[in-house]
Each structure stands twice: as structure tokens, then as C-alpha cells.
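Engineer: Mapping of the sequence shown onto my numbering: residues 10 to 246, in sequence order.
Don't be surprised by glycine CBs; every beta carbon is placed ideally from N, CA and C.
Note that the coordinates shown come from a computational prediction; the quantities given were computed from them, not determined experimentally.
Structure in C-alpha cells, see below.
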Amino acid sequence: MKTYIWTLPTRLFHWLLAISFAMAFILGGEKEAMNWHAALGVFAGMLIFFRIIQGFTGPRYARFSDFPLTPAAIKSFITDMRKSKTEHPGHNPVASFIMLLILLMAFLSAISGMLVFASAETGIFGIRISAGAENELFKEFHEVVVHLCLILVGIHLTGIVLDTLVHRENGTIWSIFTGYKKIKAPEADLSQSQKIFAVFWFVLSLMAFVYVRWYQPVPAGEKEQTEQVGETDKDGD
């Protein structure tokens with residue numbers, strides 16, 4: 010028996026966040042790709058806002074109220090992981106805790122990244138705060154929360170592997186793609202308003218990405234460094 014657990018907006022959020030975060034991390038050290046890095050960071054931040062809102066108004070299993078975070082639930086899960094198959098068709102207690110931490114760290118990562126841009130000469134979205142010591146502070150904080158997020162993602166992936174080993178018949182990994190788990194539980198569904206909101210927010214997130222990538226000016230310091238590298242290459246030729 011298959012049960013629909015993860016709706017399409019939840020799955021899209023999951024994969025788009027994973028891709029945008031990974032690409033932003035890879036491009037973070039490339040000065041000439043700073044606009045790409047910032048655009049991906051803003052896109053990820055918009056997705057996180059969507060997930061937070063969905064946590065209160067979304068479908069079954071996506072809501073934070075469905076997260077079993079009580080000490081008793083966590084203790085019971087650790088004591089006997091087998092029974093979590095039927096008790097927790099959505100997120101199990103440990104996965105719920107890790108997911109909330111990932112959302113928090115990813116949110117702080119996006120916000121601190123935007124503050125780095127806002128404290129540069131060009132600002133971001135027309136907003137600029139005082140530059141100087143604040144910029145370095147934001148950069149350091151940004152790096153810390155990004156690496157904490159990476160650690161949490163590693164724990165999350167490890168949990169998926171363990172859950173697959175314990176509940177192989179559950180189809181947890183495939184549910185991330187299809188939305189279905191091989192369990193007996195109430196199905197998740199989307200109301201018309203939830204569908205409209207999801208489409209609206211994904212389009213808004215894409216618009217923010219396009220704006221930052223192609224219309225947000227690169228901070229002068231980064232631009233100058235890029236131009237200097239280009240001039241050095243030409244001189245070498």
C-alpha cells in the first residue's frame with residue numbers, strides 16, 4: 010500500500026534548496042561569480058521563507074505541528090526505531106529536530122549573506138547599511154553558519170541512510186522523488202489556496218534570483234579585483 014506523504018511543493022522546496030545551497034557554496038570562493046553566489050543565496054532564502062510559512066499553513070506532514078519533538082517521542086524513537094514506521098509517517102523525532110536546525114542555519118546563512126552585500130558599497134535591493142567592521146563581522150558569521158549547515162546536512166543524509174536500512178520496505182528515499190511511502194497512513198493533500206500560494210512564491214523566488222543575478226551591481230571591491238585579474242591575463246598574453 011502506498012500513501013501520499015510529500016506533496017509537490019514540499020519536494021520542490023527540498024531539491025531546489027539543496028541545489029541552490031550546493032551551488033552557492035561552490036561558487037562562494039570565486040570572485041567573478043559573486044553575483045551568482047548572491048543570487049543563489051537570495052533564492053535559497055526565499056525558499057526557506059516559503060518552508061517556514063508552509064510549516065504553519067501547509068499540508069499534513071509539512072506542518073511543524075506534525076513534528077514529534079517531545080522528549081518522550083525522541084526517547085521512544087531511539088529505543089525502538091522499527092515502530093517509527095507507523096507512528097511517524099512524516100518526519101520522525103530526530104529528523105524533525107535536525108530539519109528545524111537546518112532551516113534555522115540556512116535562514117541565518119541567507120540573512121547574513123544579504124547583510125554582507127548590504128554593507129558593501131552597492132548594497133542589495135537598494136538597501137545599504139554602514140560598511141567597515143560590520144562587513145567583516147557579517148562575513149565571519151556567514152561562514153560559520155554555512156559550515157554548521159553543512160554539518161547538519163551530513164547528519165540528515167546519514168539519517169536517511171539509517172532509515173533506509175531499518176525501514177527498507179518503507180521507500181523513504183524514493184518518497185523524496187515520488188512523494189509516496191509504502192505505509193498505511195492518512196494522505197497529504199493540497200487545498201486550492203495552498204497550490205496558488207506555492208506557485209506565487211516559487212515565481213517570486215525566481216524573480217528575486219533573476220534580479221540579483223543580472224540587475225544587482227557587483228560590489229565595487231569585488232568588481233575591481235575581477236577587472237585586475239582580467240588585465241593581468243591580457244598583459245601576460
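DSSP three-state label for Thr-88, please.
Structural biologist: helix
Engineer: From what residue to what residue does the alpha helix (DSSP H) around Gln-225 run?
Structural biologist: Here Gln-225 belongs to no alpha helix (DSSP H), and DSSP marks it neither H nor E.
Engineer: Report yes if the CB atom of Phe-126 is closer than 9 Å to the CB atom of Gly-132, and no otherwise.
Structural biologist: yes
Engineer: For Lys-40, which three-state DSSP category applies?
Structural biologist: helix
Engineer: Short of 6 Å in beta carbon distance, which residues of its chain neighbour Trp-210, apart from the five on each side in sequence? Order them along the chain.
Structural biologist: Phe-59.
Engineer: Given 8 Å as the limit, is there contact between the segment 199-206 and the segment 36-52, that is, 3 or more CB pairs closer than that?
Structural biologist: no
Engineer: With a threshold of 8 Å on Cβ separation, who are the neighbours of Met-216 within its own chain once the five nearest residues in sequence on each side are excluded?
Structural biologist: Excluding sequence neighbours, Met-216 sits near nothing in its chain.
Engineer: Determine, using beta carbons only, whether Ala-120 and Val-103 come nearer to each other than 9 Å.
Structural biologist: Here residue 120 turns out to be Ile, not Ala, going by the sequence shown. If you check the CB distance, Ile-120 and Val-103 do not come in under 9 Å.
Engineer: In or out: Met-10 buried (at least 16 other Cβ within 10 Å) or exposed?
Structural biologist: Result: exposed.
Engineer: Between the alpha carbons of Thr-167 and Ile-28, how many angstroms are there, rounded?
Structural biologist: Going by the C-alpha atoms only, they are around 18 Å apart.
Engineer: Round the Cβ separation of His-23 and Ile-164 to the nearest angstrom and send it over; I've been treating them as touching at under 8 Å.
Structural biologist: Their Cβ separation, rounded to whole angstroms, is 16 Å, which puts His-23 and Ile-164 out of contact at 8 Å.
Engineer: Using 8 Å as the Cβ pair cut-off and three pairs as the minimum, do the segment 106-121 and the segment 142-151 touch?
Structural biologist: yes
Engineer: Inspect the beta-carbon positions of Ala-53 and Ala-115 and report whether they are closer than 9 Å.
Structural biologist: yes
Engineer: Closest by CA to Met-90, which one among Lys-191, Leu-112 and Asp-172?
Structural biologist: Asp-172
Engineer: Report the residue from Lys-84, Leu-117, Leu-112 and Leu-113 whose alpha carbon sits nearest the alpha carbon of Asn-101.
Structural biologist: Lys-84
Engineer: Any idea which residues DSSP pairs Ile-136 with across the strands?
Structural biologist: Ile-133
Engineer: Applying the criterion that 16 or more other CB atoms from any shown protein chain within 10 Å of the CB defines a buried residue, is Trp-15 buried or exposed?
Structural biologist: buried
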